[in-house]
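Numbering (full-length UniProt numbering), first residue to last: 1 to 107.
Given below as C-alpha cells:
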C-alpha cells in the first residue's frame, strides 16, 4: 500500500488506498487502524494519514472512538455498495460543476 510520488495529492492517494482496502476487506470490519502503522505502511506523513482518516470517518467507512482510536466500520455488503454509489455520484456532480463554473485558465 506504499504511496508513490506522482502529481495527484498525497492525501488523495492515501485516502483512495485506504478506502479501497476497506471496500475490498483487506482492512477488516472492526479492525483497529493505528496511525503509526499506517504511516509505516504508506510512507507518508502523520498529517496525510490523519486527514485521510477524518475523510473516511465522514464517509462512514471508519469510526473514531474517543480515547481508543479508529476502527473500520462494520458495514454490510449492501451498505458498502450504497456508500460507493453515493460517492461516485457526488464525484460526478463535482466534476460537472467544475466544468460548468471553471474559467478557461482553470481547465
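Cβ coordinates follow ideal geometry from the N, Cα and C atoms, glycine included.
First and last residue of the beta strand (DSSP E) that includes residue i?
| i | result |
| --- | --- |
| residue 65 | 62-65 |
Can you tell me whether residue i is buried or exposed? The criterion is at least 16 other CB atoms within 10 Å of its CB, across all chains shown.
| i | result |
| --- | --- |
| residue 34 | exposed |
| residue 61 | buried |
| residue 88 | exposed |
| residue 48 | buried |
Could you spell out where the alpha helix (DSSP H) holding residue i opens and where it closes?
| i | result |
| --- | --- |
| residue 92 | 77-101 |
Please return the same chain residues whose Cβ sits closer than 7 Å to the Cβ of residue i, not counting the five positions on each side in sequence.
| i | result |
| --- | --- |
| residue 31 | 71 and 72 |
According to DSSP, is residue i helix, strand or coil?
| i | result |
| --- | --- |
| residue 113 | This structure leaves residue 113 out entirely; the chain is present only between 1 and 107. |
| residue 70 | strand |
| residue 18 | helix |
| residue 49 | helix |
Hey, is the region 51-65 in contact with the region 11-30, meaning 3+ C-beta pairs nearer than 8 Å?
yes
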